[in-house]
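Asker: Before anything else, here's the structure in question.
Number of protein chains: 4
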Amino acid sequence: MEKLRFAVAGLGRIGKIHLDNLLHMDNVKVVAVTDPQQKSMQYAKDLGIPTVATYEDLLGYPEVDAIIICTPTDTHADYVEKAAIAGKHVFCEKPLDLNLKRVVEVLEIVEKTKINLMIGFNRRFDPEFTKVKDAVKSGQVGEPHLVKITSRDPGAPPVSYIEQSGGLFLDMTIHDFDMARFVVGKEVNEVYAKGAVLVDEAIGKAGDIDTAIVTLTYVDGTMAVIDNSREAAYGYDQRVEVFGSEGMVQGNNNLLNNHRLYNKDGIHGALPLHFFLERYAQAYKTEMQSFVDTLTGDCDIPVGGEDGLLSLKIGLAAKKSLQENRPVKLEEIK
Amino acid sequence: MEKLRFAVAGLGRIGKIHLDNLLHMDNVKVVAVTDPQQKSMQYAKDLGIPTVATYEDLLGYPEVDAIIICTPTDTHADYVEKAAIAGKHVFCEKPLDLNLKRVVEVLEIVEKTKINLMIGFNRRFDPEFTKVKDAVKSGQVGEPHLVKITSRDPGAPPVSYIEQSGGLFLDMTIHDFDMARFVVGKEVNEVYAKGAVLVDEAIGKAGDIDTAIVTLTYVDGTMAVIDNSREAAYGYDQRVEVFGSEGMVQGNNNLLNNHRLYNKDGIHGALPLHFFLERYAQAYKTEMQSFVDTLTGDCDIPVGGEDGLLSLKIGLAAKKSLQENRPVKLEEIK
Amino acid sequence: MEKLRFAVAGLGRIGKIHLDNLLHMDNVKVVAVTDPQQKSMQYAKDLGIPTVATYEDLLGYPEVDAIIICTPTDTHADYVEKAAIAGKHVFCEKPLDLNLKRVVEVLEIVEKTKINLMIGFNRRFDPEFTKVKDAVKSGQVGEPHLVKITSRDPGAPPVSYIEQSGGLFLDMTIHDFDMARFVVGKEVNEVYAKGAVLVDEAIGKAGDIDTAIVTLTYVDGTMAVIDNSREAAYGYDQRVEVFGSEGMVQGNNNLLNNHRLYNKDGIHGALPLHFFLERYAQAYKTEMQSFVDTLTGDCDIPVGGEDGLLSLKIGLAAKKSLQENRPVKLEEIK
Amino acid sequence: MEKLRFAVAGLGRIGKIHLDNLLHMDNVKVVAVTDPQQKSMQYAKDLGIPTVATYEDLLGYPEVDAIIICTPTDTHADYVEKAAIAGKHVFCEKPLDLNLKRVVEVLEIVEKTKINLMIGFNRRFDPEFTKVKDAVKSGQVGEPHLVKITSRDPGAPPVSYIEQSGGLFLDMTIHDFDMARFVVGKEVNEVYAKGAVLVDEAIGKAGDIDTAIVTLTYVDGTMAVIDNSREAAYGYDQRVEVFGSEGMVQGNNNLLNNHRLYNKDGIHGALPLHFFLERYAQAYKTEMQSFVDTLTGDCDIPVGGEDGLLSLKIGLAAKKSLQENRPVKLEEIK
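Taken in order, these protein sequences are the chains called C, X, E and S.
Numbered according to full-length UniProt numbering, the first sequence spans residues 1 to 334.
Numbered according to full-length UniProt numbering, the second sequence spans residues 1 to 334.
Numbered according to full-length UniProt numbering, the third sequence spans residues 1 to 334.
Numbered according to full-length UniProt numbering, the fourth sequence spans residues 1 to 334.
The following block contains the structure:
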């Protein structure tokens, strides 16, 4: 069997996870890696993987089939564009870009060059949420009427991050917007967002919110609601519920363990897995496997550039809705 | 010990429950009952309780301390008014009236006559929800940030009922509006309601919706979200969640039993209690005990006329919000 | 409809529960009550029920169909015997007697007189355990292989009680012996009991144990295991599990409520219902209804004298096994 | 940092897991591997690990610090002996041997040579059971009174395996015997085992049982009970419960996922993880890390040769108890 030849750009914590998952696949060979940090380069060398100095070197490396882009957000659009022009398939962490026009531009190039582009909405590959999706898709809850998504982080990121991330709706809720589309396979039509600064005033001063409730209306008139907080005292809270004409299905938190302690004060159990890399460890594996499978022709691209674009649009609509305190149609976002 | 003398107006299913609960209290004597139906009168006679022909007879019955009003909604305002003028304390099923002006009018009379008026928001007395309330009140979740209420009925009422009930927001969600106020002890400022007809087209033809997501904003900027459906295939779904700076507390469904069956297809358990009279059996007991306790001076009125008024206002704001697809401030409702 | 005429002997806490349940049945009239305590007699009078001075008066009361015996254990055998001779049907709290010969004697009289005798093994009517039984009976776990029963009390009874109760196996585990037979419908063949004094040394001094593990072997070679403690810090722990060739079914504890509190220390919930009268409130209702139904011919006696006899035999075998530290066949108990 | 140099003997499924876990550790280098199968040797070569032809070659490989023994059971004693004599530390899969005398002999050599020997009782490292152990050790359940262990396999092994494994008590329950000692840190004094052939008659013909209940008595008079089945229709069932004077703690099954599906038939969830390598994936990681930590001096040996010996003794006592249908003291096993 000829192995697929992969190159990885960016060896931060998420880059390392993708690299490790790739190394466990029989039909993949990681041929080159690049990262501006010396320590990350050494990490690759210790694993026996060749390193190159720049992204351009990576693109030029002999017979690379696909590039994994885990570099900072502001490089994504350019790197995808260059990879597409070079005829390399791309897996790119979300988001492609915060600027809608730029995203459209890049996607046009991707379309022309006919490369495979997959966007890293990892939660689509989580066993909880794929189970929910499968139950919905196979009709186990009948016609879906309501979707409820709870998404709360264990702690807020630094304000410096928030200042350039696009804010709550674009760096955090964007996962939930994608989930809302994914889990019922419907498109969103209208957004109403309500938010507040309840966790940290500094976030408010930076022009963002830290707590939100967002109502989405799908094109068929059914609805979804998302609630977010930047800080949950009890850890990482990630739940999805789909209610339909024949029943309801929930994807729930994964706990540290399932022990129960009974004492005179009550019954006690463990908290949800605290860290997103642990919570979604399996999801990252399945995600990367899924990308590899698209290249071998075993499945279609499960999350394409269009999915990135649509979540961005919903996020921008949510921002506008919050500012103007009114429901905003997606068609207003251009 | 001198017993409190109670009279009951209306012996439908909810009237019978209140009557049975009163009969189990040591310091209460039910002295008279009235109901237009012969069968209901016989029910009382079999229990050895005197019956009278009309509500006016009830008011005139010797030494009645308090009246329990379980008659149809359109009689509530008049009956409360008459009881107040006669100096009788009143427990009245919700709502007082669908007309805001009429409610205000009746409450003014209640205030002048200084009778005790309690409104039958039974869910405030449910062990799940009092536990949630207590946890919030004692600071166990810190400062409350988000409230989530799920309230889904096992099946839709007849369209004929909906036509005169005021619709989803006034006959069903009104319980949730009260819960939203109760559970965090905050007042609502603004309402955004989104709804759809997904259960039964006949409900749409009657001018109502059967599925809804309602976002409430409290005066302090924190938020609540309610989701409703007239029909849940799996039964009566009643959950409340309060998320705050230090944690989260949930009130959950009560199941028929807690058995678990494990077989090759999965793990299976029982459904939620299907019927509201079963689900809230304990709540009705505690509610009536609570009313009796207010009369003996052991506690303040836990749910007064003002509570009925405010839930009605939120309901009317929700209706307006749905019609105009925009957030509506409570102050717009007059 | 002609009502069944009931008399109640003994108005302690369990007598009062049976009385209250009888008073809620349409086709039953409680015609007389007796109890040596003045306070209990007054309780009945307040409910408008005639009282008589002695058990003999009760038997002689006009047209009594059935007697409910809730008097102390040492009166059970005599009272049942007298009722049988008087041609009255009997519901008698367990156990009939601690002496095997005396039980056999009484049962012979019951058989001759052809009265209906039902023994108060209330747990057979608990919704958890009937659900388990039904699942087993309908084949949902296939052929039953193993039964596991956990039965732990919230606190030990006074040593004075233990001294005359027959000890752990005869006053407490006897319920579990009956459950072991009930839940799979099989007879027990052999008993191995292991015990210890871990809760209270005074119990040991009184010649009893407070903690036990008992292995039962059914006639078909399948097995059950029971674990007991006189004191569980977290309350009343009552669980049953049946494992079979096609699956497993569990009956679980009933909690005070189903709330969950999430904070930085973990996830917390409510304890099991603490008091057996609360835990088995529904079971007592269904039990008495079931006795009434046997009298109206709507069902067979669900727990007869033979069931009481067999549980007693298993209990005596357990005592012998504990003393001799060896498995004891039921046929050794005569 | 100088790396520890490891060699692995046997690359079956468990050997591969240990190898993979070792490869993820910073301070470990796997220097050589041996396995009689060509396919397994190729597996190692593909990972860039040198292979040698025999176990003796492995022992002679330059500067090996420790050997991981994952070869068939009948080689364990010899291989450990040889490694000890060669001065290599050893991690050996359980059991050391089925013959008590041979085990004692090997342990004497281990003691003389002062190597570190760790036995692969992987369940001690499972997050569920370490949580239970920690809760007990830190006094959260007070004084432990009762231990309950449920251990049921998803399916029976081939009869050919059972014929040489020592049977249920020595190949399967031995894990539970170790757990019983581990979880409360007490020694077992007496064993009573009851068993039956309920899963597969061929197992009975091979002289073994497939279903069992085993009561253990600790030296302090407290007790444990284990229930086993070779075949659970719903998968791999692994639970531990410790009940004590102040409370109770349970380690529970790990499910495939935590979704819940509600429909008209009930509430449904996923089955336990079916395969022991999945169920204990984390345990295997922690186990091997723990062995490495003993070599670097960061912790004592968590499961030594004595632990293997004692579980074997309990297993032999259980076999004797089953044959003679009587409780057997551990001191009878020599």
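Glycine residues also receive a C-beta, built at the ideal position from the N, C-alpha and C atoms.
Which residue's Cα is closest to the Cα of D78 of chain X: X:L107, X:T296, X:H18 and X:V33?
Answerer: Position 78 of the second sequence, counted from the start, is the residue given in the question as residue 78 of chain X. The residue with the shortest Cα to Cα distance from D78 of chain X is X:L107.
Asker: So the alpha helix (DSSP H) G15 of chain X belongs to, where does it begin and stop?
Answerer: The residue labelled residue 15 of chain X in the question sits at position 15 within the second sequence. First-last of the alpha helix (DSSP H) with G15 of chain X: R13 to L23.
Asker: Check Y61 of chain S in the structure and name its three-state DSSP category.
Answerer: As a working mapping, residue 61 of chain S is identified with position 61 in the fourth sequence. Reduced to three states, the DSSP call for Y61 of chain S is coil.
Asker: List the residues of chain X that F129 of chain C touches, going by C-beta distances under 7 Å, in chain order.
Answerer: The residue given as residue 129 of chain C occupies position 129 in the first sequence. Here the premise fails: no neighbours, minimum Cβ distance about 18 Å.
Asker: Are any of the Cβ atoms in chain S nearer than 8 Å to that of K194 of chain E?
Answerer: Taking the first residue of the third sequence as position 1, residue 194 of chain E is located at position 194. It does; some Cβ of chain S falls within 8 Å.
Asker: Looking at the structure shown, is G266 of chain S part of a helix, part of a strand, or coil, going by DSSP?
Answerer: In the fourth sequence, residue 266 of chain S corresponds to position 266, counting from 1. If DSSP states are grouped into helix, strand and coil, G266 of chain S belongs with the strands.
Asker: Within this structure, are the beta carbons of A283 of chain C and N122 of chain C separated by less than 8 Å?
Answerer: Within the first sequence, the letter at position 283 stands for residue 283 of chain C. Within the first sequence, the letter at position 122 stands for residue 122 of chain C. Yes, the Cβ-Cβ distance between A283 of chain C and N122 of chain C is below 8 Å.
Asker: If we ignore side chains and look at the alpha-carbon of each, how far apart do A317 of chain X and P127 of chain X end up?
Answerer: Start at 1 with the first residue of the second sequence, and residue 317 of chain X comes out as number 317. Start at 1 with the first residue of the second sequence, and residue 127 of chain X comes out as number 127. Their Cα atoms are separated by approximately 29 Å.
Asker: Buried or exposed: where does S138 of chain S fall if 16 or more other Cβ atoms within 10 Å of its Cβ makes it buried?
Answerer: Translated into the one-based positions of the fourth sequence, residue 138 of chain S becomes position 138. It counts as exposed.
Asker: Of all the options X:A206, X:V197 and X:A224, which has the alpha carbon lying nearest to the alpha carbon of D176 of chain X?
Answerer: Position 176 of the second sequence, counted from the first residue, corresponds to residue 176 of chain X. Per the Cα distances, X:A224.
Asker: Cutting at 8 Å between CB atoms, please list the residues of its own chain near L255 of chain E, excluding the five before and the five after it.
Answerer: Here the question's residue 255 of chain E lines up with position 255 in the third sequence. Answer for L255 of chain E: G269, A270, L271, P272 and L273, listed in chain order.
Asker: Report the residues of the UniProt domain "GFO/IDH/MocA-like oxidoreductase" (129-249) of chain S with a CB closer than 8 Å to any CB of chain C, ordered along the chain.
Answerer: Listed in sequence order: K131, V132, A135, Q140, V141, E246, G247, M248 and V249.
Asker: Between the Cα of S245 of chain S and the Cα atoms of S:R279, S:P327, S:V147 and S:L98, which residue gives the shortest distance?
Answerer: Here residue 245 of chain S corresponds to residue number 245 of the fourth sequence, with the count starting at 1. Among S:R279, S:P327, S:V147 and S:L98, the Cα nearest to that of S245 of chain S belongs to S:V147.
Asker: Tell me A281 of chain C's beta-bridge partners as DSSP assigns them.
Answerer: Here residue 281 of chain C refers to the residue found at position 281 of the first sequence. Looking at the DSSP assignment, A281 of chain C forms no beta bridge with any residue, so it has no partner.
Asker: Taking C-beta to C-beta, are A32 of chain E and V64 of chain E nearer than 8 Å?
Answerer: By one-based count along the third sequence, residue 32 of chain E stands at place 32. By one-based count along the third sequence, residue 64 of chain E stands at place 64. Yes. Within cutoff.
Asker: Run through DSSP, which three-state label would N122 of chain X get?
Answerer: Position 122 of the second sequence, counted from the start, is the residue given in the question as residue 122 of chain X. If DSSP states are grouped into helix, strand and coil, N122 of chain X belongs with the helices.
Asker: Who does R260 of chain C pair with in a DSSP beta bridge?
Answerer: Position 260 of the first sequence holds residue 260 of chain C. C:G269 and S:Q250, per the DSSP bridge assignment.
Asker: If I follow the unbroken beta strand (DSSP E) through G195 of chain C, where does it start and stop?
Answerer: Within the first sequence, the letter at position 195 stands for residue 195 of chain C. G195 of chain C -> beta strand (DSSP E) spans V188 to A196.
Asker: Based on the DSSP secondary-structure assignment, which residues constitute the bridge partners of D227 of chain E?
Answerer: Numbered from 1 along the third sequence, position 227 holds the residue referred to as residue 227 of chain E. Paired residues: E:T150 and E:I213.
Asker: So the beta strand (DSSP E) E241 of chain X belongs to, where does it begin and stop?
Answerer: Here residue 241 of chain X corresponds to residue number 241 of the second sequence, with the count starting at 1. From DSSP, the beta strand (DSSP E) with E241 of chain X extends over D237 to G244.
Asker: I want to see whether chain X comes within less than 8 Å of G251 of chain S, judged by CB atoms only; does it?
Answerer: Within the fourth sequence, numbered from 1, the residue matching residue 251 of chain S stands at position 251. G251 of chain S is outside the set of residues whose beta carbon lies under 8 Å from a beta carbon in chain X.
Asker: Spatial neighbours of P62 of chain X within its chain, please: CB distance less than 7 Å, with the 5 preceding and 5 following residues excluded, ordered by chain position.
Answerer: Sequence index remark: in the second sequence, residue 62 of chain X carries index 62 (1-based). So the list is empty, once near-sequence residues are dropped.
Asker: My output table needs one value for R326 of chain E: the three-state DSSP class, helix, strand or coil.
Answerer: Residue numbering aside, residue 326 of chain E sits at position 326 when the third sequence is read from its first letter. Three-state result, R326 of chain E: coil.
Asker: So, for L4 of chain E: in the same chain, excluding its five sequence neighbours on each side, which residues have a beta-carbon less than 8 Å away from its beta-carbon?
Answerer: On the third sequence, position 4 is the one that residue 4 of chain E refers to. Around L4 of chain E: N27, V28, K29, D65, A66, V292, L295 and T296.
Asker: Would you verify that the beta carbon of N263 of chain X is, or is not, closer than 8 Å to some beta carbon of chain S?
Answerer: Translated into the one-based positions of the second sequence, residue 263 of chain X becomes position 263. Closer than 8 Å: yes.
Asker: Can you pull the chain S residues whose beta carbon is under 7 Å from the beta carbon of P272 of chain E, in chain order?
Answerer: Translated into positions along the third sequence, residue 272 of chain E becomes position 272. Result: empty, since nearest Cβ-Cβ is about 11 Å, beyond 7 Å.
Asker: According to DSSP, L98 of chain S sits in a beta bridge with which residue or residues?
Answerer: Position 98 of the fourth sequence, counting from 1, holds the residue named residue 98 of chain S. Paired residues: none, contrary to the question.
Asker: Residue range of the beta strand (DSSP E) that L170 of chain E falls in?
Answerer: Residue 170 of chain E sits at position 170 when you count from the first residue of the third sequence. Looking at the DSSP string, L170 of chain E is not in any beta strand (DSSP E); the run it does join, the alpha helix (DSSP H), is L168 to D171.
Asker: What is the rounded straight-line gap between the Cα of D265 of chain E and the Cα of D134 of chain X?
Answerer: Numbered from 1 along the third sequence, position 265 holds the residue referred to as residue 265 of chain E. Numbered from 1 along the second sequence, position 134 holds the residue referred to as residue 134 of chain X. If you take the alpha carbons of D265 of chain E and D134 of chain X, they lie about 19 Å apart.
Asker: Residue 357 of chain X versus chain S: which residues are under 9 Å apart at the beta carbon?
Answerer: Beyond the ends of chain X as shown, which are 1 and 334, falls residue 357 of chain X; an answer cannot be given.
Asker: For chain S, check one thing: does any of its Cβ atoms lie closer than 8 Å to the Cβ of R260 of chain C?
Answerer: For the purposes of this step, residue 260 of chain C is identified with residue 260 of the first sequence, where counting begins at 1. True, the Cβ-Cβ gap to chain S drops below 8 Å.
Asker: Counting only Cβ pairs nearer than 9 Å, list the residues of chain S close to N254 of chain C.
Answerer: The residue given as residue 254 of chain C occupies position 254 in the first sequence. Those are N257 and N258, listed as they occur along chain S.
Asker: Tell me the DSSP secondary structure of F6 of chain X in three-state form.
Answerer: Your numbering for residue 6 of chain X matches position 6 in the second sequence. F6 of chain X: strand per DSSP, three-state reduction.
Asker: To the nearest angstrom, how far is the alpha carbon of V141 of chain X from that of V249 of chain X?
Answerer: Walking along the second sequence from the start, residue 141 of chain X turns up at place 141. Walking along the second sequence from the start, residue 249 of chain X turns up at place 249. V141 of chain X and V249 of chain X: Cα-Cα distance of roughly 7 Å.
Asker: Looking at C-alpha atoms only, which residue of X:G251, X:I267 and X:G305 is the closest neighbour of K131 of chain X?
Answerer: Position 131 of the second sequence, counted from the start, is the residue given in the question as residue 131 of chain X. Of the listed residues, the one whose Cα sits closest to K131 of chain X is X:G251.
Asker: If the cut is a Cβ gap below 8 Å, which residues of chain E does T325 of chain S touch?
Answerer: Mapped onto the fourth sequence, residue 325 of chain S falls at position 325. For clarity, residue 325 of chain S is Asn in the given sequence; the question names Thr instead. The answer, in chain order, is P327.
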